[in-house]
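To convert, note that position 33 of the sequence shown is 15 in the working numbering; the numbers rise steadily by one, no gaps.
One structure below.
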Amino acid sequence: MEPKFKCVLLKISGEGLAGADKNGIDVGVVTKLALQIKKLHQAGVRMGIVVGGGNFFRGAKNAGEMMDRSVADQIGMLATVMNAMALKSALEGQAVPVRVFSGISVPQVCDNYTFRNATEAWLDGNVLIFAGGTGSPYFTTDTGAALRAIEMHCEVLMKATQVDGVYDSDPRTNPQAKRYDTITFSEVLAKHLNVLDMTAVSMAEAADLPVMIFSLNGENSIVNAVYGKEKCTIIKKQ
Ligand code: UDP
């Protein structure tokens, strides 16, 4: 069976690299992620991965009297670099060629993101990990993921979350909540469905980039999602 998508941007929240306490990095969890990414790379899928940083720090939550929002967001962006380094090591441990490009400059640990360097590394057959979000404060890694997906001409932005799609209400509190198989960007915006940062939704809509929301929790969920076999919601234009 052929993968449904050949060129994807996968967004993994920081929590996706953590264990049950949702903090820090769980090496076992990261190793399992790397094994799935390896399978897809071996199947010829071109993969870019944006990692979040919420398992360490979120700027909007931690900014306040003692810390300017821009500084808090810089800490958040640096947290994504730590996650990227962990995922990179796990992929190297599986002999997967991988490069990390960061929107925030940390030259001792990874390369700065430029479109040219990232494209070259991709054409050389590497998995790309995009760290540092957009490199600017007041954004999230969802928006960084939409941006990189559009720049790299990915077919789909796949957001791995804790739920298996977009619901009309919170399925954790409402057992009657209905999951959408597909939904339009305008409905997501109009109904304020909190599945993807609104800036990212607007960018994806403008670029006509479909967004898949699926659960990271299944045994092989990333692989299944790329093969079109995972329960999910697709957000699209029409
Ligand atoms: N961040 C930022 N600009 C970006 C992306 C991220 O300032 O373009 C900061 C922001 O403080 C954010 C933190 O990095 O809270 C971690 O990213 P995010 O909250 O998106 O991580 P996730 O929730 O996906 O783990």
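Just so you know, even glycine gets a beta-carbon here, dropped at the ideal spot from N, CA and C.
With a threshold of 6 angstroms, the Cβ atom of residue 59 counts as near the ligand UDP, since some heavy atom of the ligand is closer than that. In this structure, residue -1 lies near residue 37, with their beta-carbon atoms less than 7 angstroms apart.
Between the alpha carbons of residue 162 and residue 172 lies a distance of about 15 angstroms. Less than 7 angstroms separates the beta-carbon of residue 141 from that of residue -7.
Under the three-pair Cβ rule at 8 angstroms, the segment 17 to 28 does not count as touching the segment 83 to 95. Residue -11 is bridged by DSSP to 28. Burial is judged here by how many other beta carbons sit within 10 angstroms of a residue's own beta carbon; residue 154 has fewer than 16 and is exposed. Rounded to whole angstroms, the separation of the alpha carbons of residue 79 and residue 159 is 42 angstroms. At least one heavy atom of the ligand UDP falls within 6 angstroms of the beta-carbon of residue 40.
With distances taken between CA atoms, residue 204 lies nearest to 146 out of 150, 105 and 146. The segment 90 to 107 makes contact with the segment 63 to 80: 3 or more CB pairs, one atom from each, lie closer than 8 angstroms. By the CB criterion at 7 angstroms, residue 193 and residue 165 fall outside the cutoff. Here DSSP, grouped into helix, strand and coil, assigns residue 218 to strand.
Secondary structure note for residue 167: it is in no beta strand (DSSP E), and the uninterrupted alpha helix (DSSP H) holding it is 167 to 172. Excluding sequence positions up to five before and after residue 20, its CB lies within less than 6 angstroms of the CB of 76 and 78, all in the same chain and listed in chain order. For residue 143, the enclosing beta strand (DSSP E) starts and ends at 138 to 143. Beyond the five residues adjoining it in sequence on each side, residue 103 comes within less than 8 angstroms, by CB distance, of 81, 83 and 110 in the same chain, given in chain order.
Looking at the DSSP output, residue 110 shares a beta bridge with 30 and 81. Each of 32, 16, 69 and 191 was checked against the Cα of residue 113, and the nearest Cα belongs to 32.
Relative to the ligand UDP, even the nearest heavy atom lies 6 angstroms or more away from the CB of residue 112.
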